[in-house]
Amino acid sequence: MKRSALLVVDVQNDFCEPEGSLAVPGSLKIIPIINQLKADNHYACVYLACDAHPPDHFSFASNHPGKAPFEKIEIDGTAFDLWPAHCVKGTQGAQFHPLLNVNERDVIIEKGTLRHRECYSAFGSQEEDTNILSDLKSRQIDSLDIVGLALDYCVKETARDAIQNGFSVRVIEDATAAVGNSLIVQSAKDTLTRLGVQFLLSSQLNEGS
Ligand code: VGL
Ligand code: ZN
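Following this note's numbering, the numbering of the sequence shown begins with -18 at its first residue and continues without gaps.
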């Protein structure tokens, strides 16, 4: 039998409407769906990933004079998206949204803690080990259902790393919301589907899969 975990990505105030500094359209309507998935008790473990940036994080446009949010910046030949300041560790914007059910046994995974590194994935980066991989292994989890924000950034990168680390991965699409438009969403879905990620709706979960 598969041992499956739910991985909830970045359901934090700054990513939620109406007041978040980087509010993702449709963010609020995913929260009851995520709460229901948690309440179904189908998972061996629930992970709550969160952006935990320092105030001088390089992804904030405000840290680059003359640059505006949603512009790009090139560093060593790589383009990075610039954002409004968001999810600064210790601030209200970095807290989980108050409507998200959080249990004591949920495992919290902080990412994006290094000033000079972007880190969309809950699995971290070469320089940032979030410890999720060792935790998943120690619980013998082999299958992940991924939900949260944003589908075209942190959910996408997390799902990619999960599949590349050998997990069987499903994204519950109605429990996600995206920053970009439908073309961007389709391209993210195509990329992930090619890698072996399954997309489904929460209503399909109990249909004997
Ligand atoms: C995210 C932009 C910047 C996300 C995080 O959670 O998808 N997006 N930081
Ligand atoms: Zn961020």
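Heads up, the beta-carbon is just placed ideally off N, CA and C, and yes, glycines get one too.
When the options are compared against residue i, the one with the closest alpha-carbon
i: Phe39; options: Asp110, Gly93 and Asp126; result: Gly93
i: Phe41; options: Asp21, Tyr24, Val27 and Val69; result: Val69
i: Leu173; options: Ser163, Asn162 and Leu132; result: Leu132
i: Arg(-16); options: Ala159, Ser168 and Ser149; result: Ser149
i: Glu138; options: Ile122, Ser102, Ile127 and Ala159; result: Ser102
i: Val178; options: Val166, Asn187, Ile144 and Ser168; result: Ile144
i: Asp(-5); options: Phe104, Cys100 and Phe77; result: Phe77
i: His67; options: Asn82, Pro36 and Asp57; result: Pro36
i: Glu99; options: Thr72, Arg86, Val128 and Tyr134; result: Tyr134
i: Val166; options: Glu0, Ala(-14) and Val5; result: Val5
i: Ile127; options: Lys118, Gly71, Gly161 and Ile11; result: Ile11
i: Ala159; options: Leu130, Ser184, Cys(-3) and Ser168; result: Leu130
Endpoints, alpha helix (DSSP H) assigned at residue i
i: Leu3; result: Per DSSP, Leu3 belongs to no alpha helix (DSSP H) and is neither H nor E.
i: Ala156; result: It is not in any alpha helix (DSSP H) - Ala156 instead sits in the beta strand (DSSP E) that spans Ser149 to Ala158.
i: Gln185; result: Note, Gln185: premise wrong, no alpha helix (DSSP H); not H, not E.
i: Gln145; result: Lys137 to Gln145
i: Gln167; result: Ser163 to Leu176
Distance between residue j and residue i (C-alpha atoms, nearest Å)
i: Leu182; j: Gly7; result: 16 Å
i: Trp64; j: Asp110; result: 23 Å
i: Ala141; j: Ser115; result: Checking the displayed sequence, the identity of residue 141 turns out to be Arg instead of Ala. Roughly 17 Å between the two C-alpha positions.
i: Leu125; j: His45; result: 37 Å
i: Gly74; j: His34; result: 11 Å
i: Lys19; j: Gly47; result: 43 Å
i: Thr157; j: Arg120; result: 25 Å
i: Gly147; j: Asp57; result: 30 Å
i: Ser163; j: Ser2; result: 22 Å
i: Ser43; j: Asn187; result: 45 Å
i: Ser190; j: Asp171; result: Bear in mind that the predicted position of Ser190 carries a pLDDT of just 47, short of 50, making it unreliable; the figure below should be weighed with that in mind. If you take the alpha carbons of Ser190 and Asp171, they lie about 21 Å apart.
i: Asp180; j: Leu95; result: This sequence places Phe at residue 180; Asp is not what is there. Approximately 31 Å between the Cα atoms of the pair.
i: Ala(-14); j: Pro(-1); result: 29 Å
For residue i, the first and last residue of its enclosing beta strand (DSSP E)
i: Ala(-14); result: Ser(-15) to Val(-10)
i: Phe180; result: Gln179 to Leu181
i: Leu29; result: Cys26 to Asp32
Cβ of residue i within 8 Å of any chain C Cβ
i: Asn22; result: Absent from the structure: chain C. Only one protein chain is present.
Any contact of the segment -11 to -2 with the segment 21 to 40, i.e. 3+ C-beta pairs under 8 Å?
-> yes
Three or more C-beta pairs below 8 Å linking the segment 46 to 65 and the segment 11 to 24 = no
Jot down the residue ranges of each uninterrupted beta strand (DSSP E) in the segment 79 to 125, minimum 3 residues, whole runs only, in chain order.
-> 88 to 92
Kindly provide the ranges of any beta strand (DSSP E) runs that are 3 or more residues long and lie completely inside the segment 38 to 70, ordered along the chain.
-> 53 to 56 and 59 to 62
Three CB pairs or more closer than 8 Å across the segment 140 to 157 and the segment 9 to 20 = yes
Do the segment 77 to 91 and the segment 43 to 54 meet, that is, are 3 or more Cβ pairs less than 8 Å apart?
-> no
Hey, which residues come within less than 7 Å of ligand 4, measuring from Cβ to any heavy atom, in chain order?
-> Although ligand 4 was asked about, the structure shown includes only ligand 1 and ligand 2 as ligands.
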